[in-house]
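Participant: Below is one structure. I have some questions about it.
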Amino acid sequence: MALKHFEYCVVGLGSIGVLTYYFLRDMHPLAVTRRIDAPKEIEVDLLWHGRTVFKSRVAAYPPDWDFECRKAIVAVKAYDLERTLTQISSKVESAVLLQNGIGIREMALRILGEDRLVRAIVTYGAVKRGEFSSELRSEGKYYIGVYSRSAMEAASRLAGDLAGGGANVELVEDIQGFEWLKLVVNAAINPLTALLRASNRVVVESEHAWRVAVMAAEEVVAVAKKLGVKLPVDDPIAYLRHAAEAFKENVSSMAQDVASGRRTEIDFINGAVVRLARSVGVPARVNETLYNMIKVIEENSTVLHDTRWHG
């Protein structure tokens, strides 16, 4: 079979992978997924408020198959990133990292080097509906940045292509600040909604849940300040409140993972906060508690698997 060349490939077809494929649909990306063992066509579909806005049969390859693409949109979970980048590193010119959490850059640097990396922080709210199927719950934005000026051309082209497909996109100078701002939100909201088996609405409507979210967020902000990270907003707690209200109908990725009995990204979110807090001498007891509670659920996922949602 002749080697296939693509401008884009989307690696990982979860909720954000499917959404990103939709925005790049006119570029006809290659879908790359471990859920197949040989090249084939798969059906990818996206819903918006229950209405199908995109459904198409697309070319798909497993990651260990031979293909080439200029820009790989890597939308796998953070814990699968190292293995995935190792598999595709010789097949792509640059990789766009969409993962939640901290430590993503360091992991990717060891494999690709910073000249080949683009970072995208995604704030759209989407939920997985089935195999290669996603539902968009709330509008958001792609914040795109680089770690090396050498990768700026790839980042600029990506931003233009996403915007051309209807996405809200912003190229930013300091992607680290946006990475940490999303961590503030994820560390506060994701484990709470997973533990309570609830949508983000619970953080808005429950005074007690909000108090816990604020305490977790304040710890993240303290660690960021100690590390010299400049957040792109003056009031992170006000931003957290805005995010909780704007995305109250969304079900966090961690809550979806817990409900399905899957491994979560807690090690890269609250777990990373705890590790970094210890390294700089900042207390992070709320994040440590949330981290340990989610780890208990992961250890007992077959027992605690529950798909019922409250809110």
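Anchor point for the sequence shown: position 164 equals 199 in the numbering used here, and the numbering is continuous, going up by one each time. Note that CB positions come from ideal geometry on N, CA and C, so glycine has one too.
(1) Can you pull the DSSP bridge partners for His40?
(2) Ala229 lies in the alpha helix (DSSP H); which residues open and close that run?
(3) Ala190 and Leu216: beta carbons closer than 8 Å?
(4) Per DSSP, what kind of secondary structure is Val315 in: helix, strand or coil?
(5) Based on the DSSP secondary-structure assignment, which residues constitute the bridge partners of Arg154?
(6) Nearest by alpha-carbon distance to Ser287: which of Glu170, Arg192, Leu262 is it?
(7) Just the C-alpha distance for Leu262 and Leu311, rounded to the nearest angstrom, thanks.
(8) How big is the Cα-Cα spacing for Glu141 and Trp245?
(9) What span of residues does the beta strand (DSSP E) with Asp80 cover, start to end?
(10) Starting from Arg140, trace the alpha helix (DSSP H) both ways and give me its first and last residue.
(11) Would you tell me roughly how many angstroms separate the C-alpha atoms of Arg105 and Pro97, rounded to the nearest one?
(12) Where Arg70 and Asn235 are concerned, what is the direct C-alpha to C-alpha distance, given to the nearest angstrom?
(13) For Asp270, does the count of other Cβ atoms within 10 angstroms reach 16, so buried, or fall short, so exposed?
(14) Taking 8 Å as the threshold, find out whether the segment 82–100 comes into contact with the segment 264–283 through three or more Cβ pairs.
(15) Within the same chain, show all residues whose beta-carbon is closer than 8 Å to that of Glu334, passing over the 5 residues directly before and after it, in chain order.
(16) The alpha helix (DSSP H) spanning Leu266 covers which residue range?
(17) If you count every other CB in all the chains shown that lies within 10 Å of the CB of Ser129, and 16 or more means buried, which is it?
(18) Taking all protein chains shown into account, do 16 or more other C-beta atoms lie within 10 angstroms of the C-beta of Gly47, making it buried, or fewer, making it exposed?
(19) Between the C-alpha atoms of Gln134 and Val53, what's the straight-line distance to the nearest angstrom?
(20) Can you tell me where the beta strand (DSSP E) holding Tyr96 begins and where it ends?
(21) Roughly how many angstroms separate the alpha carbons of Gly49 and Leu152, rounded to a whole number?
(22) Is the CB-CB distance between Gly180 and Ile210 below 8 Å?
(23) Where does Glu284 sit, in a helix, a strand or coil, going by DSSP?
(24) How far does the alpha helix (DSSP H) with Ser50 in it reach, from first residue to last?
(25) What does a CB cutoff of less than 8 Å around Asp72 pick up in its chain, not counting 5 residues either side in sequence?
(26) Starting from the C-beta of Glu323, find all residues in its chain whose C-beta is less than 6 Å away, skip the five residues before and the five after it, and write them out in chain order.
(27) Expressed to the nearest angstrom, what Euclidean distance is found between the alpha-carbon atoms of Val239 and Ile329?
(28) Which residue wins for smallest C-alpha separation from Gln122, given the options Phe102, Lys163, Glu174?
(29) For the beta strand (DSSP E) that Arg298 lies in, which residues bound it at each end?
Facilitator: For this structure:
(1) The residue you call residue 40 lines up with position 5 of the sequence shown. DSSP output for His40 lists Glu103 as bridge partner(s).
(2) For the purposes of this step, residue 229 is taken as the residue at position 194 of the sequence shown. Here the alpha helix (DSSP H) through Ala229 covers 210–231.
(3) Counting from 1 along the sequence shown, the entry for residue 190 is found at position 155. Counting from 1 along the sequence shown, the entry for residue 216 is found at position 181. Taking 8 Å as the Cβ cut-off, Ala190 and Leu216 do not qualify as a contacting pair.
(4) Position 280 of the sequence shown, counting from 1, holds the residue named residue 315. Helix at Val315.
(5) To locate residue 154, count along the sequence shown from 1; it is residue 119. Its beta-bridge partners are Leu132, Gly180.
(6) Sequence index remark: in the sequence shown, residue 287 carries index 252 (1-based). With distances taken between Cα atoms, Ser287 lies closest to Glu170.
(7) Reading the sequence shown from its first residue, position 227 is the one you call residue 262. Reading the sequence shown from its first residue, position 276 is the one you call residue 311. When rounded, the distance between both Cα atoms is 9 Å.
(8) For the purposes of this step, residue 141 is taken as residue 106 along the sequence shown, with counting starting at 1. For the purposes of this step, residue 245 is taken as residue 210 along the sequence shown, with counting starting at 1. Those two C-alpha atoms are separated by around 32 Å.
(9) What you label residue 80 is simply residue 45 of the sequence shown in a count that begins at 1. Element bounds for Asp80: 75–83.
(10) Position 105 of the sequence shown, counted from the first residue, corresponds to residue 140. From DSSP, the alpha helix (DSSP H) with Arg140 extends over 139–147.
(11) For the purposes of this step, residue 105 is identified with residue 70 of the sequence shown, where counting begins at 1. For the purposes of this step, residue 97 is identified with residue 62 of the sequence shown, where counting begins at 1. Cα to Cα, Arg105 sits roughly 17 Å from Pro97.
(12) As a position in the sequence shown, residue 70 is number 35, starting the count at 1. As a position in the sequence shown, residue 235 is number 200, starting the count at 1. Their backbone Cα atoms lie some 29 Å apart in a straight line.
(13) Taking the sequence shown and counting its residues from 1, the one referred to as residue 270 is at position 235. Its Cβ having fewer than 16 others within 10 Å, Asp270 is exposed.
(14) no
(15) For the purposes of this step, residue 334 is taken as residue 299 along the sequence shown, with counting starting at 1. Excluding sequence neighbours, Glu334 sits near nothing in its chain.
(16) On the sequence shown, position 231 is the one that residue 266 refers to. Looking at the DSSP string, Leu266 is not in any alpha helix (DSSP H), and its letter there is neither H nor E.
(17) Within the sequence shown, residue 129 is the residue found at index 94, counting from 1. Buried, because 16 or more other Cβ atoms sit within 10 Å of the Cβ of Ser129.
(18) Your numbering for residue 47 matches position 12 in the sequence shown. Buried.
(19) For this step, residue 134 is matched to residue 99 along the sequence shown. For this step, residue 53 is matched to residue 18 along the sequence shown. Cα-Cα distance, rounded: 14 Å.
(20) Numbered from 1 along the sequence shown, position 61 holds the residue referred to as residue 96. Residues 86–96.
(21) In the sequence shown, residue 49 corresponds to position 14, counting from 1. In the sequence shown, residue 152 corresponds to position 117, counting from 1. Taking the straight line joining both Cα atoms gives about 21 Å.
(22) Within the sequence shown, the letter at position 145 stands for residue 180. Within the sequence shown, the letter at position 175 stands for residue 210. Contact flag set, yes.
(23) Along the sequence shown, read from residue 1 onward, the residue named residue 284 stands at position 249. It is coil, neither helix nor strand.
(24) Taking the first residue of the sequence shown as 1, we reach residue 50 at position 15. From DSSP, the alpha helix (DSSP H) with Ser50 extends over 50–58.
(25) Within the sequence shown, residue 72 is the residue found at index 37, counting from 1. Pro97, listed in sequence order.
(26) By one-based count along the sequence shown, residue 323 stands at place 288. Counting only Cβ-Cβ distances below 6 Å, and skipping sequence neighbours, we find Val309.
(27) Reading the sequence shown from its first residue, position 204 is the one you call residue 239. Reading the sequence shown from its first residue, position 294 is the one you call residue 329. So the two alpha carbons sit approximately 21 Å from each other.
(28) Numbered from 1 along the sequence shown, position 87 holds the residue referred to as residue 122. Of the candidates Phe102, Lys163, Glu174, the one whose C-alpha sits nearest the C-alpha of Gln122 is Phe102.
(29) The residue you call residue 298 lines up with position 263 of the sequence shown. Unbroken run through Arg298: none, as it is neither H nor E.
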